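Residues in the sequence shown are numbered consecutively from 29, following the numbering used here. Ideal Cβ placement from N, Cα and C applies to all residues, glycine included. All of these numbers come straight from a predicted model, not from anything done at the bench.
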Amino acid sequence: MSTQKINKSAMQMQAEVISNKKAGPYNHIVFAVGEMAANSRPGNFVAISIGGEASSLILRRAFAIYRATDK
């Protein structure tokens, strides 16, 4: 049985939260991810976890990307 990665460019990184605003029933969260934005496309997802090793048992949450810019 072979194991294949779904996304070969996937990576784990720490990112600064620039803003987090409520938008109706949704949240609009802006992260500073540097060069990673160049590989991000609308419809892709990011899995977000909060904290460090002490909170590793808290499940990650998936968020859809709707826009990625280098600004």
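Looking at the C-beta of residue i, does it have a partner C-beta in chain D at a distance below 8 Å?
i	result
I78	Going by chain labels, chain D is absent from the structure shown, which holds only one protein chain.
For the beta strand (DSSP E) holding residue i, just list the boundary residues, first then last.
i	result
S47	E44 to A51
A90	R89 to A92
V58	Y54 to A60
In three-state terms, what does DSSP make of residue i?
i	result
N67	helix
A82	helix
Verify whether the separation of the beta carbon atoms of residue i and residue j is less than 8 Å.
i	j	result
I93	F73	yes
F59	A38	no
S68	A96	yes
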